[in-house]
Amino acid sequence: MRLFPVQHSAQYEATRADVTHIILVCLVVGFLSFVVIGWVISVHFQWAVLLSRSVVILITLSALAMVSLGSVRGSARLLIWGLWCANMEIASQNGGLHAPQILAFPVQIGLAGWLLGRKETCVLASLTGVGLLGLLYLEQIGQIPPPRSPQPFMLVLLIIGNLTIATSAALLSRASYQRQMTRLHNAMNDVLTRDAELRKLLQLLDQCPVSVSITDDKHRIEYLNQAIERSRGLQRAQWIGRPSQDLNGRGLTPAQQASLAQAQAQGKRWHGEQTLPGPHGQHRIEELDVVPLRDAQGHITHWFELSQDITDRRWAAEQIERLAYFDPQTQLPNRAALLDHLHLLRNLQDGVQALVLFRLCGLRALHDAMGPEASDRLLNDMADALREILPDTAQAYRLGGGTFAVRLGRLPIMLDEALPAAQVQTEQWLHWLRRPIRPLQTPGGGGSVTLRLGASLYPMGLDDQAGRGLQRASLALSRARREQSQQVCWYTPHQVTVAEQRLRSHVEWTRAADNGQLRLFMQGQYNGQAELVGICAELRWDHPVMGLLPPERFMGLAPQESEDAGHTHLDEWVIEHAGEWLARNPMPPKGIKLTLPLHSPWIDQGETADWLLQRLQVHGLAPQHIRLALSTRHLSASQVTDPALLPHLSALRAAGLELCLQDVGLGVPSPWQLRDWPVQGIHLAPRLVQSVPDDSHSTALLAGLLALCRSHGLRVVAEGVSTSSQQQTLHWLDAEVVLQGKLLGNPMPANEWPMDLLADRPAVPALGASSRFGGS
Numbered sequence: 007m008r009l010f011p012v013q014h015s016a017q018y019e020a021t022r023a024d025v026t027h028i029i030l031v032c033l034v035v036g037f038l039s040f041v042v043i044g045w046v047i048s049v050h051f052q053w054a055v056l057l058s059r060s061v062v063i064l065i066t067l068s069a070l071a072m073v074s075l076g077s078v079r080g081s082a083r084l085l086i087w088g089l090w091c092a093n094m095e096i097a098s099q100n101g102g103l104h105a106p107q108i109l110a111f112p113v114q115i116g117l118a119g120w121l122l123g124r125k126e127t128c129v130l131a132s133l134t135g136v137g138l139l140g141l142l143y144l145e146q147i148g149q150i151p152p153p154r155s156p157q158p159f160m161l162v163l164l165i166i167g168n169l170t171i172a173t174s175a176a177l178l179s180r181a182s183y184q185r186q187m188t189r190l191h192n193a194m195n196d197v198l199t200r201d202a203e204l205r206k207l208l209q210l211l212d213q214c215p216v217s218v219s220i221t222d223d224k225h226r227i228e229y230l231n232q233a234i235e236r237s238r239g240l241q242r243a244q245w246i247g248r249p250s251q252d253l254n255g256r257g258l259t260p261a262q263q264a265s266l267a268q269a270q271a272q273g274k275r276w277h278g279e280q281t282l283p284g285p286h287g288q289h290r291i292e293e294l295d296v297v298p299l300r301d302a303q304g305h306i307t308h309w310f311e312l313s314q315d316i317t318d319r320r321w322a323a324e325q326i327e328r329l330a331y332f333d334p335q336t337q338l339p340n341r342a343a344l345l346d347h348l349h350l351l352r353n354l355q356d357g358v359q360a361l362v363l364f365r366l367c368g369l370r371a372l373h374d375a376m377g378p379e380a381s382d383r384l385l386n387d388m389a390d391a392l393r394e395i396l397p398d399t400a401q402a403y404r405l406g407g408g409t410f411a412v413r414l415g416r417l418p419i420m421l422d423e424a425l426p427a428a429q430v431q432t433e434q435w436l437h438w439l440r441r442p443i444r445p446l447q448t449p450g451g452g453g454s455v456t457l458r459l460g461a462s463l464y465p466m467g468l469d470d471q472a473g474r475g476l477q478r479a480s481l482a483l484s485r486a487r488r489e490q491s492q493q494v495c496w497y498t499p500h501q502v503t504v505a506e507q508r509l510r511s512h513v514e515w516t517r518a519a520d521n522g523q524l525r526l527f528m529q530g531q532y533n534g535q536a537e538l539v540g541i542c543a544e545l546r547w548d549h550p551v552m553g554l555l556p557p558e559r560f561m562g563l564a565p566q567e568s569e570d571a572g573h574t575h576l577d578e579w580v581i582e583h584a585g586e587w588l589a590r591n592p593m594p595p596k597g598i599k600l601t602l603p604l605h606s607p608w609i610d611q612g613e614t615a616d617w618l619l620q621r622l623q624v625h626g627l628a629p630q631h632i633r634l635a636l637s638t639r640h641l642s643a644s645q646v647t648d649p650a651l652l653p654h655l656s657a658l659r660a661a662g663l664e665l666c667l668q669d670v671g672l673g674v675p676s677p678w679q680l681r682d683w684p685v686q687g688i689h690l691a692p693r694l695v696q697s698v699p700d701d702s703h704s705t706a707l708l709a710g711l712l713a714l715c716r717s718h719g720l721r722v723v724a725e726g727v728s729t730s731s732q733q734q735t736l737h738w739l740d741a742e743v744v745l746q747g748k749l750l751g752n753p754m755p756a757n758e759w760p761m762d763l764l765a766d767r768p769a770v771p772a773l774g775a776s777s778r779f780g781g782s
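Start counting the sequence shown at 7; every next residue gets the next number (the numbering used here).
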């Protein structure tokens, strides 16, 4: 296949403009000679000469018409051969070799050499020689008449005409030659430029990192670049002329080879992948493209084969896909994989599945207390345990953090039969699942890592979605965490309604302060002699429908993060309004303090102590009149997560604030936490107080707790005292315990608290029974 156009002849041929110019010159010369002979030399008028000039004019006009129609070479032939025939005829009728027209033949042969090319010029010269010999022969036998005696001026005119035509032809041919040389020079420069580009392209092809091979239409190798030599460890010279299948077909499967052969038979491009052994024994994956190369007529002349090593790219793609669907820590499938599997199972209608979610509660505390290695080890142990104990019909997933999921299959189709079967399967591996977390106890006795489980069946209908199934299991898990259940909590339809109510209530009470629905109530605290020893500020939500609600009715309705933020907002409201109440109602000088129960973990923040002291100072209150009741649950978790908690509490105590713990007796704090924490008292949980004296175990626990507090010198407040038997039991166990509850007086609005009457009026009759620890 030629890359550049090639000239049809090595001779410099005339252009259309050149032919047009020489025809015009011949026309002008013939016309002028016709005029001069016809009018200037009218005395010697010769009809034969005029007739010959008329023929010349007719021939030139015909040639000019042909060149205007686009037939350049035909017009040149008509001009040369027409004038040659006319001159030969005139010479045969006017003396043969002695005729003046003999002078025109050399000029015509010169024009033929320029306008018609080498072959026709040789033919014209040969015929001219034959014609002259014929004239000579005819002249010898007397067949040619003698020449007429021309006038000298006519002979001069004929010579001038021939010289004009010869001179014009010489000048035009030189101009044409110069143009041809310029075009040739430009063409050579273009060839050199293209040659440089071709060399650059060849170097690029040879040094290209992609393996390139070129074969002929018979699929025999004609070219290989350096990349294919390096990647496959072969010598290019040894493969030239061999079938391309030996080079690029070894890693193709039989189906791929058949597809490649079919594409080549149809003249189409083929794309695929192949696995080949490397030079050092490693297998690599190559991407192969086979493309046909066609000539100008569309015929396939060669095949262009590109092969690129995509082993690293394939490995990276697999890693990206693995990161998208697998957890890098435990190597278990992640949430995206779970949703895809659930969606696929619903489409396949592969029976009922059980989706079990479980969460490692306390994992963050373990991470902060024992380091990330301990939490990572627990996660890996849990993943290994799941792989070991789960049957082949189950699949484990890690959803993030300490949350895992297990999908159980092969359950009965009917939902009422699938639930018992799923419960049986879950209980079979639940015992073994708890093994990795049994020995993990956080330092300081702050609690251990516990397991909470929630489960749901999936699908629960033809229109069930994967997201809904996961949502149901999440609701069951939330219930297990809320109830602190050790068993699997299975989803029930009622949980959706409860969740919606909890969310609605959470939104409403977080806006209660802005809507003016929060109320501050006060309740007295009394000793065994029925003397007022303290006042407890309590929060109430004036719900527009349900009326006054205590904090335990509306707190704990949101996720942990939202719950903490809402509690912090309410605690700030209580502190500010209690401060305003103290500013309007000075405390009596007998040492009665105002207890402020706090429900959020914000007390462990460094700026809280400064903020609280600033608010007290704004209202002109002394810290000695304030007692803070802190959330035991939050402090137990914060001691592990925030090492600066104890210094913050010590700073508040150093400022004169008395600190105590709420809801003691429900599991936290531990005995050594009571020893280490800078608190001066505790508030017994109402649930524990109200279980005595009917429950002997609760009574024994309460007796031990009171003895521990006496040994540490802690002030004890028993909340929720509602019966005389509870009052007498508490006084018998410890005469110094402070009582608070509806038996001693219901909470009342802060603006109705009779501050001027409480100094001298007892609230309940004095107790005369003896205390277990002595005193009356």
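Where a beta carbon is used, it is the ideal one built from N, C-alpha and C, also for glycine.
For residue i: DSSP bridge partner residues
i      : result
ILE220 : TYR229 and PHE310
ALA400 : LEU414
TYR532 : LEU538 and LEU745
GLY406 : THR409
ARG458 : ARG365
GLN359 : TYR464
CYS666 : ALA635 and GLY687
PRO603 : ALA635
PHE527 : GLU544 and PRO755
ASP315 : GLU292
PHE332 : PRO339
Residue i burial status per 10 Å Cβ neighbour count (16 or more: buried)
i      : result
ASP24  : buried
GLU544 : buried
ASP577 : buried
LEU169 : exposed
GLY452 : With a pLDDT of 44 at GLY452, under the threshold of 50, the modelled position of that residue is not reliable, and no figure is offered here.
TYR183 : exposed
GLN241 : exposed
THR336 : buried
THR601 : buried
GLU379 : exposed
DSSP three-state assignment for residue i, whether helix, strand or coil
i      : result
TYR497 : coil
GLN337 : coil
HIS689 : strand
ASP700 : coil
TRP547 : strand
LEU636 : strand
PRO152 : coil
CYS214 : coil
VAL722 : strand
LEU75  : coil
GLY475 : helix
GLY671 : coil
ASP555 : Reading off the sequence shown, one finds Leu at residue 555, where the question assumed Asp. The answer is strand: DSSP assigns LEU555 an E or B state.
Beta carbon of residue i nearer than 8 Å to that of residue j
i      : j      : result
ALA175 : LEU117 : yes
ILE227 : ARG256 : no
ILE115 : GLY88  : no
HIS277 : ASP295 : yes
VAL670 : THR705 : no
LEU210 : VAL218 : no
LEU483 : LEU459 : yes
LEU707 : VAL727 : no
ILE419 : VAL362 : no
HIS689 : GLU664 : no
LEU396 : VAL412 : yes
LEU417 : ALA427 : yes
GLY542 : PRO603 : Residue identity differs from the one stated: residue 542 is Cys in this sequence, not Gly. Against a cut-off of 8 Å, the Cβ pair of PRO603 and CYS542 comes out as a contact.
CYS666 : VAL695 : no
ILE29  : VAL62  : no
Segments assigned alpha helix (DSSP H), at least 4 residues, entirely inside the segment 235-306: Those alpha helix (DSSP H) runs which fall completely within the segment 235-306 and span 4+ residues are 242-245, 251-254 and 260-271.
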